[in-house]
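Single-structure report; data block below.
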Amino acid sequence: MRAPLLSLLLLLSSSSVLAQPTLGPAHKLTPGVASEGQRQADVAAAPDRYLVTWQAGAGGRAAVRAARVGLDGVSMDSSGFDVARAAGGQFEPAVAHGHDTFLVVYSDMRAGDHALRARRVTLQASVLDEAGIPLSTEPTAARMGDVAATTDGFVAAWCQAEPTGRGLVVRARRLGPDGQPVDVEPLRVTDVTAWAAGEDFGHNVLRETICQHVQIAVQGTRAMIVWGGTAGREQGYFIERAVLDLSSGALVVLPGKAVVGAQSRIYNPVVAPLGAGFVFAWTDPRSRGGTGLPAQNFGVLDVAGASAYGALNTSGSARVVLEPAVTSGGLIAFVSPYQNPARDRRFEWQLKLRSVQPDTISPGEDLEVEGNAAWPALATHTSSTSLLVYTRVNAAADSGMLFTRVVTP
């Protein structure tokens with residue numbers, strides 16, 4: 001009888017690994033305001049609430065706004081409140097919770113070009129640091145930043161434009177509990193390099209390290225930094241990583257070995273701690289509208305590199321995975337196109353969820369959340385429940401508005 005019993009236990013164990021999360025009802029984040037083009041949200045979890053930040057509007061009128069959300073997924077600030085609103089526009093917010101405060105990092109154009117700044121938000125929704133804490137120091141544009149809490153404060157990473165105009169490079173900076181920089185100058189994670197790699201149709205092929213959409217996650221005393229880029233005009237695209245020692249500010253794993261590579265464009269990587277390592281995913285628009293399944297579009301990282309890969313959107317008719325978000329709870333949210341038979345089979349956007357485990361890449365199944373939803377964000381509470389935030393698009397009444405849903409494992 002031992003063999004059948006063992007098989008049953010393995011089956012039950014496998015079923016628990018593959019179990020889909022449970023979704024709570026959808027709640028409008030700011031029912032007290034009309035649509036303001038809410039997008040690019042980020043969310044962080046505190047002991048008794050979440051803070052959701054987002055970009056409202058576009059161009060010179062864009063502002064960074066926020067609202068607190070209870071553990072039940074219901075907004076505590078029905079109209080939201082401003083975190084950063086000034087001339088030129090404020091863009092691309094990211095938020096982390098630590099040391100009894102939220103730290104919001106954003107790109108600021110009040111001086112005419114993008115500079116990275118930060119402001120603290122208290123649990124009572126008071127916004128501190130009126131002028132914003134300057135994080136970037138170079139005179140060129142600082143974009144696409146991210147922030148994570150550490151035991152001693154916070155750490156931020158972003159893309160910085162090169163003065164030569166040849167691309168973007170990765171910068172990082174350790175911050176204290178008050179958000180003030182610990183490092184006198186930002187840490188130089190990458191710099192643009194180029195060399196002749198051979199001849200192609202009569203001209204040199206240049207290899208350039210170009211940064212796009214930096215993300216950072218902390219595990220103990222180390223921070224994993226990931227970004228997307230190119231390896232020359234003819235050499236494809238990659239997702240690369242570096243590991244920063246938070247105690248010394250030194251890179252313990254240097255960039256230079258891609259963890260994902262493709263001949264077609266892959267970009268927008270995201271990363272979160274999971275178990276003893278990190279889970280990461282990326283936007284993969286290959287074979288748009290095709291019927292095949294993707295070979296890989298998420299994986300598990302350790303300090304040595306990528307230890308396992310898996311496939312998202314395995315039930316979709318297209319390989320496309322867009323705008324992923326990941327969380328330490330092992331959830332991955334992403335958007336994929338689908339043909340809606342009720343609307344003449346026009347392509348619309350489907351928001352999906354996948355639950356993964358820290359020690360394996362399970363085949364799993366994607367849970368369909370909602371159609372016509374974009375820009376998901378996730379945060380996991382210490383209770384293991386998570387908050388999913390997303391923007392509804394193409395909706396009759398709620399287009400451009402943020403919604404929240406509690407996700408229970």
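Per the working numbering, the very first residue in the sequence shown carries number 1; after that it's consecutive. C-beta atoms are modelled at their ideal positions from N, C-alpha and C, and glycine is treated no differently.
query	result
C-alpha distance - residue 93 paired with residue 377, whole-angstrom precision	12 Å
Environment of residue 243 [buried if 16+ CB atoms lie within 10 Å]	buried
Given residue 53 as reference, the closest of 87, 302, 91 and 22 once Cα atoms are compared	91
Residue closest to residue 81, alpha-carbon to alpha-carbon, out of 73, 22, 126 and 275	126
Validate contact between the stretch 64-77 and the stretch 163-173 using beta carbons, cut 8 Å, 3 pairs	no
Bridge partner(s) assigned by DSSP for residue 99	According to DSSP, which records beta bridges pairwise, residue 99 is partnered with nothing at all.
Under the three-state DSSP convention, the category residue 59 falls into	helix
Simplified DSSP state of residue 177, which is helix, strand or coil	coil
Per DSSP, cross-strand counterpart(s) of residue 274	277
Neighbourhood of residue 255 by C-beta distance below 8 Å, restricted to the same chain and skipping five residues each side	170, 189, 190, 209, 240, 241 and 242
Selection from 21, 230, 355 and 264 that minimises the alpha carbon distance to residue 326	355
The beta strand (DSSP E) enclosing residue 230, as first and last residue numbers	222-230
Environment of residue 128 [buried if 16+ CB atoms lie within 10 Å]	exposed
Cβ-Cβ separation, residue 379 to residue 106 (assumed contact under 8 Å), whole Å	17 Å between Cβ atoms; not a contact.
Presumed contact (8 Å Cβ cut-off) between residue 119 and residue 133, rounded CB distance	7 Å
Sequence-distant residues of the same chain with beta carbon closer than 8 Å to residue 382, five excluded per side	45 and 47
Where residue 336 falls: helix, strand or coil (DSSP)	strand
Whole-angstrom distance between residue 162 and residue 138, CA atom to CA atom	9 Å
Contact check, residue 159 vs residue 214, beta carbons under 8 Å	yes
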